[in-house]
Structure formats: structure tokens, C-alpha cells
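Undergrad: In my numbering, the protein residues as written are 154 to 332.
Structure provided below as C-alpha cells; questions to follow.
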């Protein structure tokens, strides 16, 4: 979800991939993404879908429907969607039972003063960065999207003092949809 210009494509092992659907909302990213697909030698294994992940009808045109997806990778994307709770619930629904959700996202700081700074910068940041919201409780949004298997799932909030003072602390993890 939200592959941007394809900077993460080199992380995928093309020998282990059947197919990747990169759902990208920003039309300005599609051309560079297609170029990166070629550079990564993923032609024939990568389909760019220009639109919103929440557009069920669009995804259905590509055979993507509830319970049809093995894995979803979401890096720096939930900060920019208009309704992260709804988007996350839909992504959970897209996953097959046992499907994997891998993420690395911005989150709201737990430090009071840093939250104030996030609140101050957030309106300008959202305008400049295409709607990216620095102060969402992203970990909670992801956790509450559905029932995750507690045995094989992990979610980590970066806990160092430096990350709490950062206006862009992260939450990352790998969650498995319960079978």
C-alpha cells in the first residue's frame, strides 16, 4: 500500500514473489514507480494500481477482495490517508486468514512537550507533505483493525528517549491475521 516512487522495491525477493499490487494514490508517483519496477526487474510480477486502497471497486477489478491477499506492506502511508481507521480495517479484511501485515509508520509522541511541537508543526507539515499527519495514534489504529494472532505477531513502538523527542517517532511491526 502506498509504494510511493518505489524506494522499497529492492527489499522484495523476486524469486519468492508471485505478484505485487502497488496501490498508489498520488499520480505524480506512478511514472517513477514504473521506472523503479523495471530497475528492480519486477516486470510481469508488479502491477501499479493508480487509486486509493479504500476503493473496493477498483481493487476488485484486479481480483483484490476480502480474504484474497497474502501480505500487505505499509511504510509511511497511514499518516496520509483521510480515514486511517477505515483504511486499516479494509486492509485487515483484504488479508487472508494467516496473512501478514508489515508496517513502519509515523506515530504520535508519548512525550507531552513533543506532542505540543507535533501539534504546532502538523498543519504546515500536512500541507507540504501531502496530508501526512504526525500526531496519529497509529499503533492503536493498527492493533484495533481486527483480531491478530498473538503468538506470531509483534508490534514495537520505538522507545528510546531520542525517539520520544523526535517529532516523527515510529511504530513498526509484523502482525498475522488470526486464522
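Even for Gly, the Cβ is constructed at its ideal location relative to N, Cα and C.
Keep in mind that this is a model prediction, so the values were computed, not measured.
Given residue 190, which residues of its chain have a CB within under 6 Å of its CB, disregarding the five upstream and five downstream residues?
TA: For the purposes of this step, residue 190 is taken as the residue at position 37 of the chain shown. So the qualifying residues of the chain are 199.
Undergrad: Hey, quick one: how far does the beta strand (DSSP E) through residue 200 stretch, first residue to last?
TA: Here residue 200 refers to the residue found at position 47 of the chain shown. Here the beta strand (DSSP E) through residue 200 covers 199 to 203.
Undergrad: Are the Cβ atoms of residue 252 and residue 226 separated by less than 7 Å?
TA: Within the chain shown, numbered from 1, the residue matching residue 252 stands at position 99. Within the chain shown, numbered from 1, the residue matching residue 226 stands at position 73. Not in contact: residue 252 and residue 226 (Cβ atoms no closer than 7 Å).
Undergrad: Please report the straight-line C-alpha distance between residue 354 and residue 306, rounded to a whole angstrom.
TA: The chain is shown only over 154 to 332; residue 354 falls outside these bounds and no answer can be derived.
Undergrad: What's the gap between the Cα of residue 255 and the Cα of residue 244?
TA: Translated into the one-based positions of the chain shown, residue 255 becomes position 102. Translated into the one-based positions of the chain shown, residue 244 becomes position 91. Each residue's alpha carbon lies about 11 Å from the other.
Undergrad: Kindly indicate which residue of 230, 297, 299, 326 has the alpha-carbon position closest to the one of residue 176.
TA: Locating residue 176 in the chain shown gives position 23, counting from the first residue. The shortest Cα separation from residue 176 among 230, 297, 299, 326 belongs to 230.
Undergrad: Can you list the alpha helix (DSSP H) stretches of 4 or more residues lying completely in the stretch 166 to 232, in chain order?
TA: Those alpha helix (DSSP H) runs which fall completely within the stretch 166 to 232 and span 4+ residues are 180 to 192, 209 to 213.
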